[in-house]
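There are 2 protein chains.
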Amino acid sequence: MREFELIQQFFQREQADLLLEEKAQVSVVLGIGDDCALLQVPANKQLAVSVDTLVADVHFPADAKPEDVAERALRTNLSDLAAMGAEPLWFTLALTLPKNSEYVSEEWLRSFSCGLFRTANHYEIVLVGGDTTSGPLSITIQIMGAVESHQALRRDGASIGDFVCVTNYLGDGAAALAVIQNRLVLGSEHQDYLRERFYRPTPRLLESNLLRGIASAALDISDGLVADLNHICEASDLGAVIDVENLPLSPALIAINDLQQARTWALSGGDDYELCFTVSPEKMPELAMLIAEGKIYASVVGEIIAGSGVHCELDGETFELVVQGYQHF
Amino acid sequence: MREFELIQQFFQREQADLLLEEKAQVSVVLGIGDDCALLQVPANKQLAVSVDTLVADVHFPADAKPEDVAERALRTNLSDLAAMGAEPLWFTLALTLPKNSEYVSEEWLRSFSCGLFRTANHYEIVLVGGDTTSGPLSITIQIMGAVESHQALRRDGASIGDFVCVTNYLGDGAAALAVIQNRLVLGSEHQDYLRERFYRPTPRLLESNLLRGIASAALDISDGLVADLNHICEASDLGAVIDVENLPLSPALIAINDLQQARTWALSGGDDYELCFTVSPEKMPELAMLIAEGKIYASVVGEIIAGSGVHCELDGETFELVVQGYQHF
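Here the protein sequences line up with chains A and B, keeping their order. Position one of the first sequence corresponds to residue 764 (our numbering), numbered consecutively onward. Position one of the second sequence corresponds to residue 764 (our numbering), numbered consecutively onward.
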């Protein structure tokens, strides 16, 4: 298949068929098909940009369902916008496809684009450009959004005494990886839940939208709570302590029946794509209200302290974290 | 090397050392190191975005000098902005690096980042984000720029009777590839010239800046004049005729002593990154003035006609183009 036909066939046409939201019609001056896309950033807003690459057999199994791969790629990128408090608008896709592959075929592309556009539609974002090359299977998505000037959720805003909070559950990403790699067997209900968490993580866009003006710092957890919270600590020139007792664990993670493992995954497993954010004591009532109203599911897991680094405690004692390396496929 | 250290070591630090132009200081609200970059598009301008992937052994030899690879990657992307008449501002870099590679080492990265920042500096663009992953060597750059609303050079503006023009010389890209792959041997001066054209193509930013308001349509030639001019024809719903006699050939291309081959490369070789643009008869005096003043080096190579497709003629006869497939490394 030649590049141009391929783009036409799977990406340009489907997009044209979509009934684009008014937002997209206004913001996309010129989409796929010229040397560049031309985009109109909403007035008084800043452009937020992030890029991520997924490589076959590193970030997903080469024989994974192509629509799962597409959904995960787009959703993990959207998570970066959520971490910034930005509204998603557009994305570009650089797709490297092997020739004569056992897995990648026209059928693969059809399914991939199906998953991609389903997700794009759901989050009202528009594919505005791309590149297809031949080579080992990998997917690079650059996501673009907009945020009001001075309203972005950055990493450098934490203060001593701020509470450290996380959305939803932690550790599911690592447990899901273990299930997918057949290192962990659970009841089918839990396995299905974990697979879903892996391939269709929910970018916390609604939450981050509500957290603008409440959170003092925020990011999304891709490398594990300890490693990512440490980024907030470094950017804010402070330290943090995590109360391991308070880590929110899903029923699936409880079901592995190994609390030490579950907590280790929650602290360092990565791939969770939940938000980690800090909130000052003065702002806590506002967060508590959002939680009480059911608008945000979040837990307090620690506190920002003077010093540096992230310290984990359980029952007043240091919790020794045995960091496990990332398990490649 | 862990991802974060790697980014720190080679990309974040060097960038911070640069004395950023005022342009960058104003436009980059938040650079590398958070979940997203935050960027300020200049007032009343539209964002222009393009993405390109270079894969080792497909788009460049895996043992090519890393600084050459970096320069080429950034320059070919800048060419897309030139093709649009946009001013370059920022870029992101997604770098996939093999572990335990024969070629890719810390030294490789040092040299790669050296070439990258030299080019970025030269064109006054800022690296604002990135991702490093392990996997087969490939480089995806997304370039971003700005253009006044309604001033972009698009593909769909050609009219019957417009002249078809190109900048500089055509066919050098394909000849360079032949030299690099040892399929063509020339005098060292010509070989050096061609290697330079391959690894350090000049994005025609100055030219496209002058052509806004003069050219009716434009793009950059990456797939070969015939294939790319055909994109203008399709977008404008017209055809074109190329006068093969008038194709601008460099001294190096003349030196291969095979005019048929030289013309074939000029028509279909690709990798030239020159501009192909159309100009109405009314606007031709303005272009002629720019050429006479030495501000643009450009040639008229054909005309836009009714119908569809691109026809090549030599001495009033159809010139049969034997299209050669792209030679992978």
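Even for Gly, the Cβ is constructed at its ideal location relative to N, Cα and C.
Using only CA atoms, which one of the options lies nearest to residue i?
i: residue 798 of chain B; options: B:846, B:893, B:879, B:812; result: B:893
i: residue 846 of chain A; options: A:982, A:877, A:801; result: A:982
i: residue 938 of chain A; options: A:905, A:822, A:1049, A:960; result: A:960
i: residue 861 of chain B; options: B:837, B:825, B:851; result: B:825
i: residue 925 of chain B; options: B:978, B:804, B:835, B:794; result: B:978
i: residue 877 of chain A; options: A:829, A:936, A:910; result: A:829
i: residue 834 of chain A; options: A:807, A:881, A:872; result: A:881
i: residue 1070 of chain A; options: A:1047, A:997, A:911; result: A:997
i: residue 970 of chain B; options: B:885, B:791, B:850, B:806; result: B:850
i: residue 927 of chain B; options: B:796, B:1055, B:1037, B:1079; result: B:1037
i: residue 885 of chain B; options: B:903, B:841, B:864, B:1055; result: B:841
i: residue 1082 of chain A; options: A:1050, A:1067, A:1024, A:1052; result: A:1024
i: residue 912 of chain A; options: A:1067, A:993, A:808; result: A:808
i: residue 844 of chain B; options: B:914, B:1084, B:1049, B:957; result: B:914
i: residue 1064 of chain B; options: B:865, B:1011, B:962, B:872; result: B:1011
i: residue 795 of chain A; options: B:919, B:796, B:793; result: B:919
By DSSP, does residue i sit in helix, in strand, or in coil?
i: residue 935 of chain A; result: helix
i: residue 818 of chain A; result: strand
i: residue 1054 of chain B; result: helix
i: residue 897 of chain A; result: strand
i: residue 913 of chain B; result: coil
i: residue 878 of chain B; result: helix
i: residue 883 of chain A; result: helix
i: residue 849 of chain B; result: coil
i: residue 812 of chain B; result: strand
i: residue 965 of chain B; result: coil
i: residue 1085 of chain A; result: coil
i: residue 971 of chain B; result: helix
i: residue 944 of chain A; result: coil
i: residue 804 of chain A; result: coil
i: residue 842 of chain B; result: helix
i: residue 959 of chain B; result: helix
i: residue 1007 of chain A; result: helix
i: residue 1080 of chain B; result: strand
i: residue 1066 of chain B; result: strand
i: residue 979 of chain B; result: strand
i: residue 890 of chain A; result: strand
i: residue 782 of chain A; result: Per-residue confidence for residue 782 of chain A stands at a pLDDT of 48, beneath the threshold of 50, marking its modelled position as unreliable; the derived number appears in the next sentence. Residue state, collapsed to three classes: coil.
CB residue i to CB residue j, shorter than 8 Å?
i: residue 1030 of chain A; j: residue 988 of chain A; result: yes
i: residue 974 of chain A; j: residue 916 of chain A; result: yes
i: residue 831 of chain A; j: residue 940 of chain A; result: no
i: residue 1041 of chain B; j: residue 995 of chain B; result: yes
i: residue 854 of chain A; j: residue 810 of chain A; result: no
i: residue 933 of chain A; j: residue 1018 of chain A; result: no
i: residue 905 of chain A; j: residue 1007 of chain A; result: no
i: residue 1039 of chain B; j: residue 929 of chain B; result: yes
i: residue 883 of chain B; j: residue 852 of chain B; result: no
i: residue 790 of chain A; j: residue 802 of chain A; result: yes
i: residue 827 of chain B; j: residue 901 of chain B; result: no
i: residue 848 of chain A; j: residue 910 of chain A; result: yes
i: residue 857 of chain A; j: residue 816 of chain B; result: yes
i: residue 903 of chain A; j: residue 903 of chain B; result: yes
i: residue 1072 of chain A; j: residue 993 of chain A; result: yes
i: residue 990 of chain A; j: residue 1066 of chain A; result: no
i: residue 1068 of chain B; j: residue 943 of chain B; result: no
i: residue 899 of chain B; j: residue 839 of chain B; result: no
Within 10 angstroms of its Cβ, does residue i collect 16 or more other Cβ (buried), or is it exposed?
i: residue 931 of chain A; result: buried
i: residue 907 of chain B; result: buried
i: residue 1021 of chain A; result: exposed
i: residue 935 of chain B; result: buried
i: residue 1026 of chain B; result: buried
i: residue 782 of chain A; result: Reliability of the predicted coordinates at residue 782 of chain A is poor, the pLDDT of 48 falling under 50, and the value obtained from them is presented with this limitation in mind. Its Cβ having fewer than 16 others within 10 Å, residue 782 of chain A is exposed.
i: residue 806 of chain B; result: exposed
i: residue 980 of chain A; result: buried
i: residue 1013 of chain A; result: buried
i: residue 946 of chain A; result: exposed
Of the residues that make up the segment 929–942 of chain A, which ones have a beta carbon closer than 8 Å to any beta carbon in chain B?
none
If contact means a Cβ-Cβ distance below 7 Å, which residues of the segment 843–871 of chain A contact chain B?
843, 844, 846, 847, 849, 855, 857, 859
Against chain A: residues of the segment 1050–1084 of chain B by CB proximity under 9 Å:
Cβ contacts with chain A come from no residue of the segment 1050–1084 of chain B.
Near-chain B residues of the segment 793–817 of chain A (beta-carbon distance less than 8 Å), N- to C-terminal order
Of all residues in the segment 793–817 of chain A, those with a C-beta nearer than 8 Å to a C-beta of chain B are 793, 796, 797, 798, 799, 800, 801, 802, 803, 804, 809, 810, 811, 812, 813, 814, 815, 816, 817, reading in chain order.
Output, in sequence order along the chain, the residues in the segment 889–900 of chain A whose CB is closer than 7 Å to any CB in chain B.
891, 892, 893, 894, 896, 897, 898, 899
Below 7 Å between beta carbons is the criterion; list the residues of the segment 959–987 of chain B that meet it against any residue of chain A, in chain order.
Correct list: 982, 983.
Where the segment 998–1026 of chain B meets chain A: residues whose CB sits under 8 Å from a CB there:
Going along the segment 998–1026 of chain B in chain order, one finds 998 with a Cβ nearer than 8 Å to chain A.
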